[in-house]
Each structure stands twice: as C-alpha cells, then as structure tokens.
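Protein chains in written order, with the numbering used here: chain A, 1 to 259; chain B, 1001 to 1073.
Written below as structure tokens is the structure these notes are about.
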C-alpha cells in the first residue's frame, strides 16, 4: 500500500482515513482511538477560550502534532463571514494554512449552505488557504468548488452524526468521475462497511468523527475503520466483477456425475 | 474602561497590551489566536497591540470537533 498514497495540495498522507476529535468520553480514549485508526490527519474545531474556567485540559496536549497533521475546521459557522474569520484565527493559532471549510445552512440537518460555502472558498483560496470544503453529495456543487480553487471536495455520505452510510452512491460515483481534485466522503459513516463502500466507489479518502467516537468501544471501531478503509480501497483498485441478475457457475459446467 | 471579551463585557483599569491581557487571564499565548476589532493578530504582535476602551477581543483555541454540530459555539 505504500505506493498508493493520498495526495492533497502536494502533501502526501499515508492513510486515507481522516478522523475527528469531538464527542469522546475522555481525551485518553480519543488518543488511543487516533492511534488505532492509523490516520495521519486529524480535524479540530476552533472555539472561544473559556475565560472564567481556565482549568480545562488543552486538546493539543493529547495530539502529537509532530506525528499528526492538524486540519482545523470551521464547525458551527453559519455564514461565509464567520467561516472566513474562524479560518484566519485557526491559521494564526496554529499549525498550517489548511482548513476544512464548513458553512452550515440548517441546525436540524447540518447540511451545508453551498452559496455561502462557495463565497468563503473563493475568499480563502485568494487568501492563500488550502481549502477542503464540506459539501452536499452534489456533482455540480463539487465542480463549482473545484473551479473556485478547493484543494479537495468533501461530499457528505449522509447527515453529520446520522450513521446512515452512503445514501447516494451514484452521485458519489459521478462526483469521483468528474473531479480533478481528491474526493473525501465527509459525514454519515456509521460503521466499517460504510467506509468500505465509500472507498469502493472510488473516493480518495473518508473523514469521520461520530462513527468512531460514538461507538461503544471507540478504539475497536477505529481499528475496524482503518481496516475497512484499506479493504475498500484495495477492492476499488482490484476492480470488482460486474453485477448480474442470474447466477454464473463458478465450477465447470460439464463432467458432472450422471451427466 | 470596558472591553468586549469573547462577547462579554470585561472591565480593565487602563489600556493594556494583548500580552498583558493574556497574562492577566492566565492564558498561554502559544495556545491561542486573537482577533482584535475583527482583525486577526499576527503572533509576534501581541506585545505591540494595545487594547483600549470599547475594543472587541476574541480569544480562541482548538477544541474537539469533527464536523458541524459536533461542538456548539
């Protein structure tokens, strides 16, 4: 697998699985799940420091930033302006000029607001960011984001945290066929088979948070997701057999006893 | 004088540098990013930028989150 690597904006990643940092029962479990996932890119959110309670542990104490590439996200932003401000703050806080760009349109679905997303993508690309926008499983949105300079496109498989898996496989395939930048399925993965299906469709990577963090045993699920991502990728490269409605015997047809 | 710190009113006796404000809040400057009156400050400028009456200051850091809604603002 060493020759089959994920490359985004000229940067090479050994793993096609990208993981999050939210919803874990403890930072220790999160760190162990990260290890088990084999991921080398981890996404983090940006929030106001709690001024009145400074006792909370710092997330970055539990992420080895020499080993993992940190991908800040603009989770919770509802306008292009908020997302742009958040991305600029993240760049100063840290570690790179990369951003997982999220501009949300609705609290219940957490679906992206593609109009605002496109505005923010253009502005941040112009400002020198490597922009990875979270978008709908819509080939046209993906094409427009790519044209705006996105370094990858990240269509959802299903709503964030829903665990419903890949709802529209045909759209994901159309997105993959049309894209000239990496396609990362971001959101909706509930269990290992969902990750494998995404990879089998030909996407370049999978990003997930709740599917691992919300599992009863997050560390075991992280291992499952690592293997599923690899299995799905291998199956994609191997080239699956065509689907057919009737059987095709796998043993010789002639020479049976009593023929 | 009163500034608006992370959206809330915050009292100061006199204008202070961003560095002094962070020291007063016991915040490690290496772990945060600062926006002053909607301008994101470069890391090296915390000693030079003065926070004055009515200014808006945002201090942020990284927290756990995977995607939209996994953390609430």
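A virtual CB, placed ideally from N, CA and C, is assigned to each residue, including glycine.
This structure is a prediction, so every number in the text was calculated from the model and none was measured.
DSSP, reduced to helix, strand and coil, places residue 172(A) within a helical segment of the structure shown. In the displayed model, residue 205(A) falls within a strand according to three-state DSSP. If the five residues before and after residue 218(A) are omitted, its C-beta is found closer than 7 Å to the C-beta atoms of 24, 29, 33, 212, all from its own chain and listed in chain order. At a cut-off of 8 Å between beta-carbon atoms, residue 1032(B) makes contact with chain A. Proximity of residue 153(A) to chain B, defined by a Cβ-Cβ separation below 8 Å, is not satisfied.
Of the other Cβ atoms in all chains shown, fewer than 16 fall within 10 Å of the Cβ of residue 52(A); this residue is therefore exposed. Judged by their CB atoms, residue 192(A) and residue 158(A) are not nearer to each other than the 8 Å cut-off.
Residue 1012(B) has a beta carbon lying at 8 Å or more from every beta carbon in chain A. Interface flag for residue 1046(B) against chain A is unset, since no Cβ pair is found closer than 8 Å. At a cut-off of 8 Å between beta-carbon atoms, residue 1043(B) makes contact with chain A. For residue 73(A), there is no enclosing alpha helix (DSSP H), since its DSSP letter is neither H nor E.
Under the three-state reduction of DSSP, residue 236(A) is assigned to helix. Residue 65(A) carries a coil assignment under DSSP once its states are collapsed to helix, strand and coil. Secondary structure of residue 1015(B) (DSSP, three-state): coil. Residue contact check for residue 1054(B) against chain A: no CB pair falls below 8 Å. Of the candidates 125(A), 124(A), 119(A), the residue whose Cα lies closest to the Cα of residue 141(A) is 119(A). For a Cβ distance threshold of 8 Å, residue set 1033, 1034, 1040, 1041, 1042, 1043 of chain B lies close to residue 92(A), ordered along the chain. Here DSSP, grouped into helix, strand and coil, assigns residue 107(A) to coil. Separation of the CB atoms of residue 175(A) and residue 137(A) is rounded to 7 Å, and the pair is thereby assigned contact status at 8 Å. Those residues of the region 5-20 of chain A placed with their C-beta closer than 9 Å to a C-beta in chain B are 19, 20, ordered along the chain. The Cβ of residue 210(A) sits closer than 8 Å to at least one Cβ of chain B.
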